[in-house]
Amino acid sequence: MSTPTPAPSPGRRFNIEDMNPRGPFWPLVRRLLEQPQWWMGLLRRFYPIPRISWLRFAMVTRFEDVQEVLDKDRVFQVPFAPRMMELMPGPLFVLAMPDGDDYRNQRRQIMQTFRLEDIPTMITPRAATLAEEIVAGCGGRIDAIEGLLTRVPTLLCREYYGVQFPDAKLFAEWLSAISSYLFAPPSDKPSPHLAMVREAADGVRGVIDQAIHDAKEGPASSDTIVARLVRMQRDGGGAPCDELIRAELLGMLAGFVPTNTLASGNILEMLLRRKDFKAAAEEAARKDDDSRLWRCLYEALRFKPINLGPFRTCGTDYTIAEGSSHEKRIRAGTRVLASTQSAMFDERGVVEPKKFDPDRGRHESMVFGYGLHWCIGAFLARAQITQTFKPLLKRGIRRARGPDGRLRTIGLMPVHLTVEF
């Protein structure tokens with residue numbers, strides 16, 4: 001039987017603001033990341049595979065080249081395993097694993113646990129109810145990121161995943177700290193925030209272990225994610241052990257709340273920046289056309305995705321775009337940024353990339369990634385994000401005046417943006 005991990009001992013209040021970058025070059029880096037298309041366009045045209053040998057770094061910017069890198073998962077390997085093991089020793093979550101039997105078995109377990117029928121029966125109605133209650137009770141003004149776009153997926157963790165926590169805001173901050181650390185650019189230097197991240201991981205591990213314990217002691221009729229995993233364990237036949245259940249829950253929770261917050265915050269910023277984006281989304285919301293609404297939100301996210309793209313580590317010498325005029329030999333050990341953000345604006349692979357087109361073909365978007373590690377929780381994110389935005393957009397939103405109406409981030413993670421209606 002799983003023994004719950006003790007929660008972190010009381011002390012100084014965990015403060016996610018402490019993870020905000022404060023280096024002298026951060027303001028410049030942030031400006032470049034907020035408005036990347038001009039310099040990405042120059043790279044795609046004149047230097048499509050920039051490489052800095054002494055930093056062991058390369059970046060891929062064109063559509064077909066990004067697809068090539070993300071398709072070659074045995075050459076360009078996911079770099080997340082060491083950081084995951086640092087926070088939670090034991091079995092790895094699929095996101096940090098190469099293709100193989102272990103990867104495929106765990107992915108199959110996850111897909112058996114997170115069922116498509118959960119969307120209409122649980123995720124959609126509960127996200128819609130929670131979002132409507134929050135928006136209806138806010139008095140026409142709300143910090144949409146903290147009070148809605150982060151809060152709804154966090155509350156769903158209780159009802160759907162089956163994990164219980166006394167402080168929803170703190171739990172979301174723990175998950176954000178973990179996610180920011182795991183998916184930060186690979187580096188040989190230790191993170192200055194490692195102690196904070198470990199504190200967050202200890203807190204989340206305690207919550208998960210308690211959930212596993214409660215599921216084993218609780219009623220057999222429970223249908224939360226943790227209860228399903230425990231039943232799978234009881235049934236045997238290659239079912240997950242407690243350590244694997246913990247790894248799978250940590251991976252899914254650290255993807256669900258922070259990633260959906262990041263995506264939703266960026267979508268909201270784009271809707272407020274571009275009146276045509278917002279008008280299309282509001283019209284779909286008022287017509288209760290969820291499919292159309294999602295396509296509007298999804299397309300808005302293409303203009304400001306969650307990051308520049310995923311990092312990979314080159315495992316063996318390899319030539320990208322071999323035979324072309326811009327082919328580039330990448331040495332083993334090189335960290336490669338496969339810029340899906342740049343690829344989605346490459347006219348070689350995307351029709352009229354600067355145009356807002358909710359009916360754009362899905363093959364032109366890499367918002368959820370590409371290849372082996374395409375986002376495993378995409379179907380959950382689609383339902384939750386759509387229903388969370390819907391009550392806001394039905395009322396018609398505008399940016400609040402003054403500092404409250406400007407997007408505030410911690411690193412790249414949106415944390416505050418107040419809107420009115």
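Our numbering numbers the first residue of the sequence shown as 1 and each following residue consecutively.
Using N, Cα and C, we set each Cβ at its ideal position, and we do this for glycine too.
Item, Value
"Alpha-carbon to alpha-carbon, Ser222 and Val60", "46 Å"
"Alpha carbon of Ala254 to alpha carbon of Ile178, nearest angstrom", "7 Å"
"Same chain, Cβ closer than 7 Å to Arg286, five either side skipped, listed in chain order", "Lys394"
"Extent of the continuous alpha helix (DSSP H) to which Arg329 belongs", "Careful: Arg329 lies outside any alpha helix (DSSP H), inside the beta strand (DSSP E) at Lys328 to Ile330."
"Endpoints, the beta strand (DSSP E) within which Ile410 is located", "Arg408 to Ile410"
"Pro310 versus Arg141: straight-line alpha-carbon distance, rounded", "35 Å"
"DSSP bridge partner residues for Asp352 (one or two, in chain order)", "Checking the displayed sequence, the identity of residue 352 turns out to be Glu instead of Asp. In the DSSP output, where bridge partners are listed per residue, Glu352 has none listed."
"Continuous beta strand (DSSP E) stretch holding Arg141: start and end", "Arg141 to Asp143"
"Alpha-carbon spacing of Pro186 relative to Ala220, whole angstroms", "43 Å"
"Buried/exposed call for Arg22, threshold 16 Cβ in 10 Å", "exposed"
"Reduced DSSP secondary structure (H/G/I, E/B, other) of Met97", "coil"
"Cβ pair Val94, Arg74 closer than 7 Å", "no"
"Beta-carbon contacts of Ser264 that lie in its chain and below 6 Å, excluding the five residues immediately before and after", "Leu149 and Ile385"
"Nearest-angstrom Cα separation, counted from Met344 out to Glu352", "10 Å"
"Boundaries (first-last residue) of the alpha helix (DSSP H) holding Arg295", "Asp290 to Phe303"
"From Ala227, Pro82, Phe80 and Val207, residue whose alpha carbon lies closest to that of Lys216", "Ala227"
"Close Cβ partners of Met40 (< 8 Å) along its chain, the five nearest in sequence each way excluded", "Thr61, Ser339, Gln341, Ser342 and Phe345"
"Proximity of Leu268 and Phe277 at Cβ, strictly below 7 Å", "no"
"Whether Gly377 touches Phe303 by CB criterion (7 Å)", "no"
"Residues near Gly11 by beta carbon distance below 7 Å, same chain, minus five either side", "At Gly11 the pLDDT is 47, less than 50, meaning the model places this residue with poor confidence; the figure from the coordinates comes in the next sentence. For Gly11, where only same-chain residues beyond five positions count, there are no Cβ hits under 7 Å."
"Reduced DSSP secondary structure (H/G/I, E/B, other) of Phe76", "strand"
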